[in-house]
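Asker: Residue numbers (the UniProt record's numbering), protein chains in the order written: chain A, 1 to 466; chain B, 1 to 466. We treat Cβ as the ideally placed atom computed from N, Cα and C, and that holds for glycine. Remember, it's a predicted structure, so these values are computed and weren't measured experimentally. Right, I'll just put the structure down here and ask away after.
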């Protein structure tokens, strides 16, 4: 077992910072490179994913790194969705029927800054800001960076290189372009993009709408969501097609059309976003993409982690949580195979890849669910049955959302299989009038369990897995 | 409507040759560029996909181009699969219960050569061999080629450029690298590769095993197939993992291990392949990849077609047929929108993309089916039921294989949905002993139809499509 390895980590975002902290705790020598300036001293958010939802999988990784007590004060609990209809009426839908199951709105910048500060406390770790990775020579483990301060290129060689450089990963691009092995790779964009807007705090710094919920304005083609910030403001995100439908990012260019669109679709939100026209013009339109690839590593030399390996769309609130869970999973594998990087990397992908694929697919599912189905009567009945079951049988019944969000002990793949089958079972029984929310909870539970098991069994047989 | 457009087609493989022929017939001025020498005068096959299975979708496109009579003499009908067990016993399984439904073994080179010869008869068409496309400036429609004859780079500008340059398409790579639009792109490799071998003809030029079948040696981890050639030989393809399992491409390197492997798994094939060791060493190991992407075109300027847009694995025998069908579909859209290339390209992708995705997924399904399931008892019972239904109800029942292979009037997507549901219905009823092959055909038909419809309905409800 060697701890002499010099480790380069490319990317000091959420995943890279946590990984660096954890590997520094384990005694490695870490050089952490980041393309942007230090976010603790520079405002670089510029209208991009200012806040995020932290839930149990992410919190587990925070505990592993011993920083849970530093995270908690940054969190605003959200207990469910609050749906807004186009007349401004609201309807709550809790995330769980159990007590104490909620997600947390948290500022990306605050969380990232805290992780950097904790990481920097380790003498065996050094952070290099403004160094943008352009290419990695994956055979010789030499990373080339453009230094935004000196305007020159620099090189760094590591015994091991981690690419935690996000959806646009330079290490991943080197895997693709160097063609040293068969690299399966997918980047898939939705037809919708997103734009961030702001509901400011009241004059006395209070939240203007309830901070206990993730707010959703679901409209089929369009969707608006809002998450609370500690300063009383909300970060609002509009999801909208680039060029399809009556309103889209291509044609919403004038004050008149923007206000007309919001007035028709999100009238209550419009009154809360004073700078909507300026923000619409100045904030960038972000793309919604999923990235999958394999293998995640090259020999015993370098490996992808977090969004660099598996970027997902934000609709399950699991992107950050999945990246943090990567670090937990990797850490457990290091416990077993430390000293043999190739085995560590292989076992890591073997353990983690199917779960990363599953949360990517679940996030796409939820895109359609949030956009199209949350206001659908049969969907509401399903949620009502699931709330009853979770309340009555807190240790026996877990909705898909609960399995994914609150059960860090259950791998994403298992949560997906079980959760999808449950959804299908309940929706079909509702459509066939074989179940109704007024039945006794014990009857509901038995029906749902049996129908779910039958669906899983039918799928197993059709896949000839017997 | 203008026919003055100068069209560049990159790639004179099967799709490019047919497209060039068809567009020349429509009166366009065509320059067709091909990286390799003229395959009619040079042997360039080198152990790669020497023969293919031509079926109804491909034949429809041959009729469209008026060359069906030139294709027929190149075809060897194959009426089903002939399974070989590891003792050398064989078991036939027909492709259809209907008369006249079969697929055709055909030489890639003969077919491609015929299409080039037909294309060259048009004065408005010129073929440029040995010109390898390196890059396309997609904005200005300028393609850069490396000329293997003069060892220089040349440029060509077209009003419209078609990329029919196969799975490794230079035009597609330019879409990816130029980043002018959000390009969804996926390349996925199987863990298995392939290698081609040969069963030579007998001394008097006859086939040594039946030429009426596609021969399969299914072994779970491994698979061997053989398709007949007109000269009495068979092209044999071994599908094998690169590095997993007891035997793989990485460890099969000596005469001893190669023969040991074939003796254990494919003893009857071993006696028929005299040059197995040389061929194993000299023939390349091919990769099995699926490519999906979107969009397929850029503005009114250039478009991908065939494998360049949607390369698939060979297990449904549909790669060439799908590419030929592209040309049929495109031609019908040209009929409606000729003169407006942007609309033609948009409608083409809108019409064709879901079907191209479906046949890609079906081909992956069949990889597992051919490898793992064809010898499975419940699968055999399913095939037996389907043969009965197709014989007894030739106009009412179509297996998934028939829908995909023999029904050029049914889009791949519809064939996939219906076919998968039928398979699931029959397999589940067999597993639950709710059906057996000895029942009256009318009863079987009704049970299968009802169970299939129930599955499709359950899926619709779970997808909330109501």
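What residues in the region 174–205 of chain B bring their beta carbon closer than 7 Å to a beta carbon of chain A?
Answerer: Those would be 182, 184, 185, 186, 187, 188 and 189, in chain order.
Asker: Which two residues bound the contiguous alpha helix (DSSP H) that contains residue 380(B)?
Answerer: First-last of the alpha helix (DSSP H) with residue 380(B): 377–392.
Asker: Would you kindly report the start and end of the unbroken alpha helix (DSSP H) that includes residue 422(B)?
Answerer: Here the alpha helix (DSSP H) through residue 422(B) covers 412–431.
Asker: Starting from residue 402(A) and walking both ways along the beta strand (DSSP E), at which residues does that stretch end?
Answerer: Per DSSP, residue 402(A) belongs to no beta strand (DSSP E); it is in the alpha helix (DSSP H), 400–405.
Asker: From the DSSP output, in three-state form, read off residue 271(A) for me.
Answerer: Looking at residue 271(A) - three-state DSSP - the assignment turns out to be coil, as it is neither helix nor strand.
Asker: Using a Cβ cut-off of 9 Å (strictly closer), state whether residue 153(A) contacts chain B.
Answerer: For residue 153(A), the answer is no, since every Cβ of chain B falls outside 9 Å of its Cβ.
Asker: Closer than 9 Å, CB to CB, is residue 466(A) near chain B or not?
Answerer: Confidence at residue 466(A) is low in this model, with a pLDDT of 41, below 50, so the placement of that residue is unreliable and no value is reported for it.
Asker: Distance check for residue 272(A) and residue 88(A), CA to CA, integer angstroms please.
Answerer: So the alpha carbons of these two residues sit roughly 12 Å apart.
Asker: Please list, in chain order, the chain C residues whose beta carbon lies closer than 7 Å to that of residue 72(A).
Answerer: Here the protein chains are A and B, and chain C is not one of them.
Asker: Quick check on the burial criterion: 16 or more other C-beta atoms within 10 angstroms. Buried or exposed for residue 115(A)?
Answerer: The residue is buried, with at least 16 neighbouring Cβ atoms inside 10 Å.
Asker: With a threshold of 6 Å on Cβ separation, who are the neighbours of residue 6(B) within its own chain once the five nearest residues in sequence on each side are excluded?
Answerer: Hits under 6 Å: 29, 158 and 159.
Asker: Could you check what DSSP says for residue 368(B) in three-state terms: helix, strand or coil?
Answerer: Note: residue 368(B) maps to helix in three-state DSSP.
Asker: From residue 172(B) to residue 141(A), what distance separates their C-alpha atoms?
Answerer: Spanning the two alpha carbons is a distance of roughly 29 Å.
Asker: Could you tell me the boundaries of the beta strand (DSSP E) in which residue 137(A) lies?
Answerer: Residue 137(A) -> beta strand (DSSP E) spans 131–137.
Asker: Just confirm the distance between the C-beta atoms of residue 406(A) and residue 101(A), as a whole number of angstroms; I'd bet it's less than 8 Å.
Answerer: Correct: roughly 5 Å between the Cβ atoms.
Asker: Can you find a C-beta in chain B that's less than 9 Å from the C-beta of residue 340(A)?
Answerer: No, residue 340(A) does not count as interfacial toward chain B.
Asker: List the residues of chain A that residue 423(B) touches, going by C-beta distances under 7 Å, in chain order.
Answerer: Per Cβ cutoff of 7 Å: 462.
Asker: Could you check what DSSP says for residue 5(A) in three-state terms: helix, strand or coil?
Answerer: If DSSP states are grouped into helix, strand and coil, residue 5(A) belongs with coil.
Asker: Give the range of the alpha helix (DSSP H) segment to which residue 448(A) is assigned.
Answerer: Element bounds for residue 448(A): 441–462.
Asker: With a threshold of 9 Å between beta carbons, is residue 458(B) in contact with chain A?
Answerer: By this cut-off, residue 458(B) is an interface position.
Asker: Alpha carbon to alpha carbon, how far is residue 14(A) from residue 336(A)? Give it in angstroms, no decimals.
Answerer: Straight-line Cα distance between these residues: approximately 25 Å.
Asker: Does the distance from the C-beta atom of residue 126(A) to that of residue 291(A) stay below 9 Å?
Answerer: Going by C-beta atoms, residue 126(A) is not nearer than 9 Å to residue 291(A).
Asker: Name the chain B residues that come within less than 9 Å of residue 428(A), Cβ to Cβ?
Answerer: Ordered by position in chain B, the residues that pass the 9 Å Cβ test against residue 428(A) are 457, 458, 461 and 462.
Asker: Ignore the nearest five residues each way along the sequence and tell me which others in residue 430(A)'s own chain have a CB closer than 7 Å to its CB.
Answerer: Correct list, in chain order: 378, 381 and 382.
Asker: Check residue 147(B) in the structure and name its three-state DSSP category.
Answerer: Of the three classes helix, strand and coil, the one that applies to residue 147(B) here is strand, per DSSP.
Asker: Could you check whether the Cβ of residue 79(A) sits closer than 9 Å to any Cβ belonging to chain B?
Answerer: Closer than 9 Å: no.
Asker: By DSSP, does residue 291(A) sit in helix, in strand, or in coil?
Answerer: DSSP places residue 291(A) in strand when its eight states are reduced to three.
Asker: For residue 47(B) and residue 265(B), what's the separation of their Cα atoms in angstroms?
Answerer: For residue 47(B), the pLDDT reaches just 47, beneath the cut-off of 50, and the residue's location in the model is therefore unreliable, leaving the point undetermined.
Asker: Any beta carbon from chain B within less than 9 Å of residue 287(A)'s own beta carbon?
Answerer: Chain B, which has a Cβ nearer than 9 Å to the Cβ of residue 287(A), makes this yes.
Asker: Would you check if there are 3 or more beta carbon pairs closer than 8 Å linking the region 385–402 of chain B to the region 80–99 of chain B?
Answerer: Output reads yes: the region 80–99 of chain B touches the region 385–402 of chain B.
Asker: Below 8 Å on the Cβ atoms is my contact criterion, and I expect residue 308(A) with residue 164(A) to pass it. Report the Cβ-Cβ distance as a whole number of Å.
Answerer: About 6 Å; that satisfies the 8 Å criterion.
Asker: Bridge partners for residue 265(A) per DSSP, in chain order?
Answerer: Residue 265(A) is not bridged to any residue.
Asker: What do you get for residue 154(A), buried or exposed, if any count of 16 or more other CB atoms within 10 angstroms of its CB means buried?
Answerer: So residue 154(A) counts as exposed.
Asker: Between residue 348(B) and chain A, is any beta-carbon pair separated by less than 9 Å?
Answerer: False, the Cβ-Cβ gap to chain A never drops below 9 Å.
Asker: Using the beta-carbon count (16 or more within 10 Å), is residue 91(A) buried or exposed?
Answerer: Looking at its Cβ environment, which holds fewer than 16 other Cβ atoms inside 10 Å, residue 91(A) is exposed.
Asker: Leaving out five residues before and five after residue 268(A) in sequence, what residues of the same chain have Cβ atoms less than 7 Å from its Cβ?
Answerer: Contacts found: 84 and 88.
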